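Student: One structure is given below, represented as structure tokens, and several questions about it will come after.
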Amino acid sequence: MTTLSLAPSMTRQPSRRLRPALGHLGPAAAFLFLALLAVAALAPHLLTHADPLAIAPRDAFHAPSAAHPFGTDQSGRDILARVIHGARQSLALGGGAITLSLGIATILALVGGLGGRIAEQGVRWLIDILFAFPVLVLALLCTATLGSGIVPLIVAIGVGSAAGYTRMVFGQVLSVRDAGYVEAARALGHGPLRIVARHILPNAFRPLVVTATMGVGQTVVWSAALSFLGLGAPPPAAEWGTMLSMGRDFIAEAWWMTFFPGLAIVLTMLSTTIAGRALQRAIEGRGP
Amino acid sequence: MPPQPHPIPHARPALWLGAAALLLAMTGCRRHESHAAAHTPTRGGTLVYATDREPICLDPHVQGDMPQVFLAQQYLDSLVAMDGAGHILPWLATDWTVSDDGRTYLFHLRHDVTFTDGTPFTAEAVRANLDHMVDPHTQSSTAGGYIRQYAGTDVIDAYTAAVHLKTPYAAFLEVLAQGFLGIESPRALARPRDENCQNPVGSGPFRIVRWDHQSQIVLERNPAYRWGPPTALHTGPARLDRIEWRIIPEPSVRFAALQAGEVDVIDSLPPEAETPARRNPDLWLLLADRPGNPTNGTLNTRRAPFDDIRVREAFLRSADIDGALASVFFHHYRRAGGPLSPTTPFYSPAFEHHADYDPDRARALLDQAGWTGRTAQGIRTRGGHPLVVHIPVKASLSAAERTLWEQVQATARATGFDVRLENGDDTTVQEREGQWDYDVRIGYWNTNTADVLRIIFSSAFLGAAGVAGHHQNEAGFSDPAFDRVVDDALLTTDPDRRRALYLQAQTIAARNFLQVTTYPQSTRLALSRAVHDVRLEPSLNVTSLYDSWVTR
Amino acid sequence: MSLDVENLSISFPSPTGAHMAVRDVSFTLHPGRVVALVGESGSGKSVTARGLIGLAGAQAHVTARRLALNGRDLRALSPRDWRALRGREIGMVLQDALVALDPLRPVGREIAESLSAHRWGTRTERRQRVHTLLQQVGIPDPALRARQRPDELSGGLRQRALIASAIALTPKLLIADEPTTALDPSVQAQILGLLGRLRDQGTGLLLISHDLGFVARLADHVIVLHHGAVVEQGETARILGRPVHAYTRTLLDADPVRHPPRAARPAPDGPPLLAAHALSLARRGPDGLTRQILADVGFTLHPGRTLGLIGESGSGKTTTARIVTGLTRPDSGQVTFLDQPWVRGGGQPVAESARRPRRRAMAMIYQDPLGSFDPRWTVRQILADALPDTPSTGRDHAIASLLDRVRLPASIAARHPAALSGGQRQRVAIARAVAVRPALIVCDEPVSALDVSVQAQVLDLLEALQRDLGMAYLFISHDLGVIRRMCDDVLVMQAGRIVEAGPAARILTAPRHAFTRTLLDAAQDLSAA
Amino acid sequence: MTRFLQRLAWRLAWRLAGGLLVLLAAASLTFAALHLAPGDPVTAILGGASANPTPEAIAAARHEYGLDRPLAVQYGLYLARIARGELGQSFSLHMPVIAVLRAQAPPTLALMASSLGVAWLLALLSVVPTARRGLSGAIASTLETIGAGLPQFWLGILLLWGLAFEWRLLPPAGNHGLPTLVLPTLSLAIPLAGFLAQVMRESFDLALGQPFILTARARGLGDGAVRLRHALRHALLPCIGLSSWAVGALVGNAVAIEIIFSRQGLGRALFLSVATHDMPLVSGIVLFVALVYILAGLAADTLFILVDPRLKGTRP
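Protein chains in written order, with our numbering: chain E, 168 to 455; chain U, 592 to 1143; chain Z, 27 to 555; chain S, 89 to 404.
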């Protein structure tokens, strides 16, 4: 069981020494893209006038052009519009899953970190156990049990990715719990509740902003993977994984059907990673 | 024809072809004839065949899905064969007589046939096979379903078998010609079902030597084979040494594998690959429309909103099928407008345009039916309820078919239908269908007779039917007049009388607007130019590689 | 064979332009001689050493009017020439062999690598040579030791192994960068002896240290660096005896050894403030063996006095401090504080809630003050947290006066500790400690991480605070000089036991226990100037 | 040496105990899934919705599996069957679950092994020559970040399209020899390599900053030797731990890849069994994946000890 405690987390654990991969341009571009995503999710009509659901069978399979920058799909729908409108669904899935995942992680980490030795060992074991179930395997098991749909999807990914986050938050809680300043606060005669509220919680969860930012990207990928397998959003909703899955049958004729939804996923993932690292540097710049 | 559950409506075209239809099938067959007539057939070599789905069990008696019969055609023989004109010809049975009451068939068998496990073919084998098909434990939903009238077999002598039916059944010989009812070695059949599934034994031109699950099935020539079907192009053992029967579910990958020369033949050629396949000088196509009930969405008349005929017609007229066939099917698929595919016997062209796309009429009908309200999104309402149409969609539905329904969804929305395509895995969708929990059920029914109308629309099929299944009258349609017409059609053998009765049946079905019909089912093979003499066995129009040979 | 350095300057690019790390350092090093570079952290002494063997880093810009080894100009060397030179002509020894030797490899292989890098000998010859070298640096049983990894060797042995790897090809020059820092005094003395022997055998030594006392024992020539610039250089005796530059004098004065010992004060009467009785603690080590961390430790501390706790690393000093502060529970024994039970081993522990009312009578100062501050908090928040009873109106004033008391400007209150210097941080820690008006402050190595000049200031501050506020100190240090300066009474610990206890004056002049004598001898060896 | 072996044995024993715990959890999870799944568990055991077993068969199975007994007893019986290696019969494939695993595991394990191997190779090639080297380091690090962000299924489709469909360099599908392994391997390996390389680069950077590196350079060692002989070994440690996790994740990601490339394997079998609600097979595969994960952990542990002989101790 030692491997686990030594292994870095599956979920891009915030790390102190990651170099600024894309220089200063990277974070700026990442935040810009995330802002665009937010607009796309909240008010897609600001970005495109095309209707993502309007079919025009006679315009099917048009290659990217001025009229359709990302081309059209097999029903003649504008892929750019569908990618933009798909942001909401994809982000909602990703956001829902990461919220659930971090919720589980937080509860387990607090119970394990502050609940005494037995709870601590219990949580260690639980993390080990959770790690034995790869996200997608667990998600498929969930689907077999709960059926397909948005809620099982969120549950599946949320529970599936909880192991990594739990270990990360748990480690953080443990390190804060044993930190010198917590000891110093005890030595000052502060009570346990005050210490938990004023030191442990804020410090243990400060990196969570970073984790959540990076995690959204990862869960977007996972939910796209499940949608890709046909377990995602029902048509005609534009969801990136579903679009990609549909596009793969036409890859030989219309590469753009697969390429652009996938690009949206990749850029989301990259932006959250880069933005997460930038946030991390900002946070660490303040602290030690 | 006995009731029979649909083969899982995987829309990769599955094939059900019957005798009477064959005649039409051949004329409707758009066949890019093989070039190299100059070549003389050569012996030996391996042919790599790629198909979309893996058989669940290699024994076609068990369950009975299309992938099974495609494979069965290579290693099983049938009692009788059927030619392109629909005539029944001797195969393992040299001749037969039918009793006057039509309930006893006396088969005289070939004496020289041996199964590839060495067991001789005898009347005992016939009995064992028929008994096996109807045994509930076999879980046969096709073969067993077709011979529901089967009562038992008497072994008169080693090479004479008397098969008894409970009721007269004129189509008995035709169904016997189907690969689903192929004759297996009784010794192999005596093994537990799941063991026989892995390596069943027949007397056919090839025998199964290996099954790498999810990868391939390997067949080798049966060198002793001397009893090929009368429909074949040659006699004696098969020309190929070996067949590698690959499973490549992804349509684009399957076609790419053919183009790359990794495989020699693919079936279920996807529509999007058809144009490139035609342009490719190294390939040729073998295409045939199939008779029966075309690909369709059947409307559930047992619950609102489709319990109202006006809403049904409005829905049919809201669906722009031609647009879909032009886009995602690239004009390769013809439209089927009536309840029968054009290649079906007694098909009438009168219904091709009985419910064409007509949104204005659809709106008027909805107004008449009281769906006059509108939600903010433009969905029609009646009494506060929105006009919602639930369509369960199986995960295995093909991209093209899925797109077709998305386009129906979009065009129907324009007239005020809120069409919900509800994804589910196949099992969940089947369960919903069993519980009548749908407004439209996507499916098709391939068979060689207009009797298909009885199976899909008569009240006799409202209840659970077949060993495995649920109702087969997916529309929930119940009309005594219709029932009478189709039952009468089964009793008579007079073609004119039958034509009149089936015209009547088609009229009633069409006038009730029970289905959104889209396109006929078809067999679509793409083949390398190195492959010759691939045939479609007329009984079911499935691939036969018995005559085939390859030039390398 | 000599190394001539003239006007060596090293700069690094920084956002605000080139940062000069070293400016115009010049000296000549001859075989058998020792040149010492002395300075506090950040003075540029290590950068100089690295620059001399071409390892200042890719970013570094190194210039010199003359940089020559035996007349050969080093400025024009190709990377390949540099490699040939390193190890063969100039060896290098870094501080703390635990990290200066690859922790994953046996030391024998590390030493052999010095040979194989220069294609010296056959495999067998190299093995032979490794054993000879280990013997040469005074490691017994070399065949066994060669197979062990640094973490399996004691601090002294692995430092010797590191030296062995540096002298494998008998380079004429050896650069030793803080070769004894972080070692216990007795080990320091041994390493000093080894380096002395190498010098006697004709090796030229460039010695780098922050500790004037240490270099005095060895160096012929001393260069004092301050902020990258040479403030003074010359013969050792002259520099130490008659320093010209004010900074050199500060450094010398700051050495606690040079400070007069604490004046004896009358023996206390009245009840003790803190009494520890028979504290014992055993812990299971990572290897599954149980070790006695503390055995039967007992002492008393009276109000207003300073009790020193001295011993080598691992002797149980910090564990004692943690028990006294109620952060670790002993297996047995007890501590009484302010006449009531404070900590009790065994079956009836004292509840934390019982301690809490008295917590504010005891404060702590740590070796690493930064770790004891919540990283999110500013100095103001840190101090306010220690002043919960002060009404918010008076809080800013209270904080300002606390900062004033520890001689920090009030403007520092708005800053984060991470942005402060080490000395400033320790002052903030002291301010927090005195904020609660404690009767006792437990100081765990409070100055060992600080530069000497800063050390002196902090010690001065602690003395002044004791004078003004009258609290007692439990003062833990491995440094005899610090103890001598600060303590009234001393406990000497070895392997979890108190081996000697008594007034500082007596113990530091007339030790009775052999171990105490060893400690004193080692310290005198090191600091006798 | 004996103490070392003792430690090793103790460590492995602890590992095994943990592994059993994980297996127990996996078994419990599948038990729960079987009972939570819609429909009667006996139908799931006897062949799913379409099996139509006789009432006698149902009663017999009910009794055999103890479904007429309290849930706790059923749980006990379930665990006992698994302990005996009886995983039941897959009704969707008409085969014992064990036979399915035996047939489908090797191709997936081969894919996993090749992906892990290629990922390591790519990561090493990306990190070792470029770490702490200005521009090339920045470029490689950017590529790693992008690589780690590529979804396997998207990459797989694009590779398939580019290399198999358009340029026809490699066969698009199947399980027939090494060439068909290339594309699936790359699809899985490139993202993993990106991820692995990020971790490796971080620890490699860290190692290169350590004093012992300076010591090694001061000995006259060249940069290449310093990287390969000293820094690399330190950089490997976190990557080994990561790899044991990656083995599990690869099985999950193999689901999409095996579907895209029409390969046989556990991933596809899992997907199909979920689609057919073949709970015995789903359970069997989940158990198997957990087992693989445990074995990977054991292997990683052994590697840890080989790479880092300092590792002692018996507990995490």
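Note that beta-carbon positions come from the ideal geometry of N, C-alpha and C, so glycine has one too. Predicted, not measured: the structure shown is a model, and the values here were computed from it.
Can you say whether Z/Pro375 is buried or exposed, counting buried as having 16 or more other CB atoms within 10 angstroms of its CB?
Tutor: Burial state of Z/Pro375 is exposed, judged by a 10 Å Cβ sphere holding fewer than 16 other Cβ atoms.
Student: Where U/Leu615 and U/Pro936 are concerned, what is the direct C-alpha to C-alpha distance, given to the nearest angstrom?
Tutor: Model confidence at U/Leu615 stands at a pLDDT of 37, short of 50, so the residue's coordinates are unreliable; what they give is reported in the following sentence. A direct Cα-to-Cα measurement between U/Leu615 and U/Pro936 gives close to 8 Å.
Student: Taking DSSP as the reference, what is the three-state secondary structure of U/Glu835?
Tutor: Collapsing the DSSP output to three states places U/Glu835 in a strand.
Student: Could you tell me whether the Cβ atoms of S/Val216 and S/Arg305 are closer together than 7 Å?
Tutor: no
Student: Compare the C-alpha of U/Arg694 against each of U/Thr758, U/Thr685, U/Asp656, U/Ala990 and name the closest.
Tutor: U/Thr758
Student: Does the Cβ of Z/Asp400 have 16 or more other Cβ atoms within 10 Å, making it buried, or fewer, making it exposed?
Tutor: Result: buried.
Student: Could you tell me whether the Cβ atoms of U/Phe661 and U/Val1125 are closer together than 7 Å?
Tutor: no
Student: 7 Å is my cut-off, CB to CB: does E/Ile285 come that close to chain S?
Tutor: no
Student: Which two residues bound the contiguous alpha helix (DSSP H) that contains U/Lys757?
Tutor: Note, U/Lys757: premise wrong, no alpha helix (DSSP H); not H, not E.
Student: Any idea what DSSP makes of E/Thr333, helix, strand or coil?
Tutor: helix
Student: Runs of 3 residues minimum, wholly inside the segment 274 to 361 of chain Z: which ones carry the beta strand (DSSP E) assignment?
Tutor: 300 to 310, 316 to 327, 332 to 336
Student: Please classify U/Thr710 as buried or exposed, where buried requires at least 16 neighbouring CB atoms within 10 angstroms.
Tutor: buried
Student: Please look up how many angstroms separate the CB atoms of Z/Pro395 and Z/Val432, rounded, as I've assumed it's under 8 Å.
Tutor: So it is not a contact: roughly 12 Å between Cβ atoms.
Student: Using a Cβ-Cβ cutoff of less than 6 Å, which residues in the same chain neighbour E/Ala248 once the five nearest sequence positions on both sides are dropped?
Tutor: Thr215, Ala217, Pro219
Student: From the beta carbon of E/Trp423, is the nearest beta carbon of chain S less than 7 Å away?
Tutor: Cβ-Cβ to chain S under 7 Å: no for E/Trp423.
Student: Three or more C-beta pairs under 8 Å: does that hold for the segment 530 to 540 of chain Z against the segment 358 to 378 of chain Z?
Tutor: They do not touch, by the three-pair rule.
Student: Identify the contact partners of Z/Val125 in chain S, using a Cβ-Cβ distance below 8 Å as the criterion.
Tutor: Gln298, Pro299, Phe300
Student: Along chain U, which residues have their Cβ under 7 Å away from the Cβ of E/Arg444?
Tutor: Within chain U, no residue has its beta carbon less than 7 Å from that of E/Arg444; the closest one is some 36 Å off.
Student: Given that U/Gly852 touches chain E, what residues does it touch there, using C-beta distances under 9 Å?
Tutor: None at all; the shortest Cβ gap to chain E is about 16 Å.
Student: From this set, S/Leu394, S/Thr390, S/His365, which residue's C-alpha is nearest U/Ala986's C-alpha?
Tutor: For U/Ala986, the nearest C-alpha among the options comes from S/His365.
Student: Helix, strand or coil for U/Thr744? Go by DSSP, reduced to three states.
Tutor: strand
Student: Any beta carbon from chain U within less than 7 Å of S/Gln405's own beta carbon?
Tutor: Because chain S in this structure spans residues 89 to 404, residue 405 of chain S falls outside the shown range and cannot be described.
Student: Is Z/Thr354 close to chain E? Criterion is C-beta to C-beta, closer than 7 Å.
Tutor: Not a single CB atom of chain E sits nearer than 7 Å to the CB of Z/Thr354.
Student: Which residues of chain S have a Cβ atom closer than 7 Å to the Cβ of U/Arg837, listed in chain order?
Tutor: Neighbours of U/Arg837 on chain S, chain order: Gly262.
Student: For S/Ala219, collect the residues of the same chain with a Cβ closer than 7 Å to its Cβ; drop the 5 residues on either side in sequence, then sort them by chain order.
Tutor: Cβ within range, chain order: Gly225, Arg289, Phe292, Asp293, Leu296.
Student: Looking at the structure shown, is U/His671 part of a helix, part of a strand, or coil, going by DSSP?
Tutor: Note on residue identity: the sequence assigns Val, not His, to residue 671 of chain U. Here U/Val671 sits in strand by DSSP.
Student: Can we say the segment 296 to 316 of chain E touches the segment 337 to 345 of chain S, given the rule of at least three CB pairs closer than 8 Å?
Tutor: yes
Student: My understanding is that U/Asp1138 touches U/Ala823, with C-beta atoms under 8 Å, so please give their C-beta distance in whole angstroms.
Tutor: 6 Å
Student: Roughly how many angstroms separate the alpha carbons of Z/Gln227 and Z/Ala215, rounded to a whole number?
Tutor: About 19 Å.
Student: Run the CB neighbour count on Z/Asn567, radius 10 Å, all protein chains shown included, and call it buried at 16 or more, exposed below.
Tutor: One cannot answer for residue 567 of chain Z here, as it falls past the ends of chain Z, which runs 27 to 555.
Student: Taking 6 Å as the line, does the beta carbon of U/Ala851 fall inside it for any heavy atom of the ligand COA?
Tutor: With respect to the ligand COA, the structure offers nothing, as it holds no ligand at all.
Student: To the nearest angstrom, how far is the alpha carbon of U/Thr1006 from that of U/Ala917?
Tutor: Those two C-alpha atoms are separated by around 21 Å.
Student: When you compare the CB of S/Pro267 with every CB in chain U, is at least one pair closer than 7 Å?
Tutor: no
Student: Can you find the residues in the same chain that come closer than 8 Å, C-beta to C-beta, to U/Leu680, ignoring five residues on each side of it along the sequence?
Tutor: Val671, Ala672, Met673, Asp674, Pro820, Pro821, Thr822
Student: Should the segment 501 to 517 of chain Z be called in touch with the segment 323 to 338 of chain Z, which here means at least 3 C-beta pairs below 8 Å?
Tutor: yes
Student: Taking a cut of 7 Å between CB atoms, which residues from the segment 459 to 489 of chain Z lie near chain E?
Tutor: Within the segment 459 to 489 of chain Z, the qualifying residues are Val462.
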